[in-house]
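Structure record follows, encoded as structure tokens.
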Amino acid sequence: MQLKADNLVCSRGGREVFAGLNFSLSGGEALVVTGRNGAGKSSLLRMIAGLVHIAGGRLELDGGEADASIGEQSHYVGHQDSVKPSLTVGENLKFWARYLGAGERTIDSALQAVELAPLADLPAAYLSAGQRRRLSIARLVAVPRPLWLLDEPTSALDVPSQNRLADLMRSHLAGGGMIVAAAHGPIGLERARELKIGPS
Amino acid sequence: MTAFTAIVVRDMRLSIRVGGGALMGALFFLIVVTMMPFALGPDLALLARIGPAILWLGALLASLLALDRLFATDHDDGSLDLLMMGRMPLELAVAAKAIAHWLTTALPLIVITPVLGLMLNVELRAMGTVALTLLAGTPALTFIGLIGAALSVALRRGGLLLAVLVLPLTIPVLIFGVAAANAAIVGPAPFGPPFTILCALSLASLVLGPVAAAAALRHGLE
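The listed protein sequences derive, respectively, from chains A and B. Once you know that position 65 of the first sequence is 58 in our numbering, the rest is easy, because the numbers rise by one and skip nothing. One rule links them: number in our numbering = place in the second sequence (from 1) + 569.
As structure tokens, then:
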């Protein structure tokens, strides 16, 4: 499986954010996107997810499912956590698992993986920012998808949770998955390649 | 179909929980219809004559109430991004949200309609028929409103714009809804033709609404 970008152009609000971006990523590899604020890191991730229009160039996922778009084969964790405060922790995760096409068998193990299992019946309104972020990461475990798009995944996470996330990312890569992450600091992956966009 | 039912169940659950706004439509409808006799005075013949119009206007405004939040909450917390990344076509996801909205906003309103006959000097059997016209016509209001909700999703105070966008489109529904309800209460025009057209309007918007709303959401991305 391979994700290839060829001469990618991103334009937001009539302004060109970046142009001529090339990279390729194979199964088991991670790519960390770095750059100044406004360089287009988040836009690149949203572009791969199919949430931002591709202004030019090509983006392909070879070896994936033929009849599914790249977005349908990837997970996106953005700045917002997609957590409904009036639903419980378990209900939130169960909805996304059902919507994204996985069974409910994986719910408990996914909550355990982010150490939220004891809080499963608590309304999500009472979660801290870091716990909400972990709930949103639990989705990645509950529903298997080959490509993870993570926008500053470590923000709001404490050190043990950051290590936990790094473990999850490593086992995803070991299973042949791919990760594209936007970050300002290290995200805990030793063998990640770096893609720098925009002026330094 | 599990993804479809997952959305319906989640949205209904959200609207029943704290801050959700289920029953708001029915309560608003109740208060509008209750105020009318006080404003118009105790002229029973007049009340019976304009009763259907009051009921239909009340239902129309009530169905707009929570509509501006339909996509806005999902947009604000990032859920809309994920909804767009699902395997299910966005059109179906949008339709599922509209169905949940109709079940929590319009259906309670229809259920209380027969009781409101007391306020408007209309006998119970005729009110049953009016409730039937609302049952046939309110899906059109919800699914037309869906388009407005999708268009105004990114706006902070989209409510007023939504009303301006949506209300003109609901005029045919209002005309045939009131015509059918009038035929049931005072006659002498037949009930069948306006009621059939009302059903047709609902069925057409059931198909067109989700397609237009999904297109508006996709366009809003860029």
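Just so it is clear, CB atoms sit at the ideal spot from N, CA and C, and this is done for glycine as well.
- Note on isoleucine 754 (chain B): 16 or more other CB atoms within 10 angstroms of its CB, so buried under the neighbour-count rule.
- Annotation: serine 121 (chain A) to glutamate 692 (chain B) spans about 55 Å, alpha carbon to alpha carbon.
- Secondary structure remark: continuous beta strand (DSSP E) runs of at least 3 residues inside the stretch 42 to 109 of chain A, in chain order: 49 to 55, 67 to 70.
- Apart from the 5 residues on each side of it in sequence, alanine 185 (chain A) sits with its Cβ closer than 6 Å to the Cβ of Ala23, Val25 in its chain, given in chain order.
- The alpha-carbon of leucine 142 (chain A) is positioned some 22 Å away from that of valine 82 (chain A).
- Pairing methionine 688 (chain B) with proline 621 (chain B) gives a Cβ-Cβ distance that is not under 7 Å.
- In this model, aspartate 650 (chain B) and alanine 783 (chain B) are separated by some 13 Å (Cα to Cα).
- For aspartate 612 (chain B), there is no enclosing alpha helix (DSSP H), as DSSP marks it with neither H nor E.
- When the alpha-carbon of leucine 704 (chain B) is set against those of B:Leu629, B:Leu609, B:Leu615, the nearest one is in B:Leu629.
- Counting only residues of its own chain and dropping the five nearest sequence neighbours on each side, glycine 21 (chain A) has a CB closer than 6 Å to the CB of Leu166, Gly169.
- One thing to note: isoleucine 585 (chain B) has its Cβ within 7 Å of the Cβ of alanine 591 (chain B).
- A Cβ of chain A is located within less than 7 Å of the beta carbon of threonine 571 (chain B).
- Valine 733 (chain B): member of the alpha helix (DSSP H) spanning 728 to 735, first to last residue.
- Going by C-alpha positions, leucine 624 (chain B) is about 16 Å away from leucine 736 (chain B).
- For a Cβ distance threshold of 8 Å, residue set Lys77, Ser79, Leu80 of chain A lies close to leucine 583 (chain B), ordered along the chain.
- By the neighbour-count criterion, in which 16 or more other beta carbons inside 10 Å mark a residue as buried, threonine 574 (chain B) falls on the exposed side.
- The C-alpha of threonine 99 (chain A) lies about 25 Å from the C-alpha of leucine 661 (chain B).
- The beta-bridge partner set that DSSP reports for glutamine 124 (chain A) is empty.
- Cβ-Cβ distances below 6 Å link alanine 12 (chain A) to Val2 in the same chain, with the five nearest sequence neighbours on each side left out; the list follows chain order.
- For methionine 657 (chain B), the three-state secondary structure derived from DSSP is coil.
- Bridge pairing for serine 632 (chain B): absent [DSSP].
- The residues Val722, Ala723, in chain order, have a CB closer than 7 Å to that of glycine 789 (chain B) in the same chain once the five nearest residues on each side in sequence are set aside.
- Annotation: alanine 591 (chain B) has no Cβ neighbours in chain A at a cutoff of 9 Å; minimum Cβ distance is about 12 Å.
- When secondary structure is reduced to three states using DSSP, leucine 14 (chain A) falls in the strand class.
- The Cβ neighbour count for tyrosine 69 (chain A), taken over all protein chains shown within 10 Å, is at least 16; the residue is labelled buried.
- Per DSSP, methionine 593 (chain B) has no beta bridge partner at all.
- Exclusion of the five residues before and after proline 116 (chain A) leaves Thr81 as the residues of its chain whose Cβ lies within less than 6 Å of its Cβ.
- Its chain contains Thr707, Pro708, Thr711 as the residues whose beta carbon lies nearer than 7 Å to that of tryptophan 671 (chain B), once the 5 sequence neighbours on both sides are disregarded; these appear in chain order.
- Following the DSSP letters along the chain, one finds asparagine 0 (chain A) inside the beta strand (DSSP E) bounded by residues -5 to 5.
- With respect to chain A, the C-beta atom of alanine 575 (chain B) has a partner C-beta closer than 7 Å.
- Interface annotation for the stretch 102 to 127 of chain A against chain B: Pro116, Ala118, criterion Cβ-Cβ distance under 9 Å.
- By the 16-neighbour rule on beta-carbons within 10 angstroms, proline 762 (chain B) is exposed.
- One Cα belongs to aspartate 74 (chain A), the other to serine 148 (chain A), and the distance between them is close to 12 Å.
- Closest in alpha carbon position to leucine 734 (chain B), among B:Gly746, B:Val747, B:Ile716, B:Pro759, is B:Ile716.
- At a C-beta separation below 8 Å, aspartate 74 (chain A) has these neighbours in chain B: Asp646, Gly647.
- When the alpha-carbon of alanine 42 (chain A) is set against those of A:Ala103, A:Leu140, A:Gly191, A:Pro179, the nearest one is in A:Leu140.
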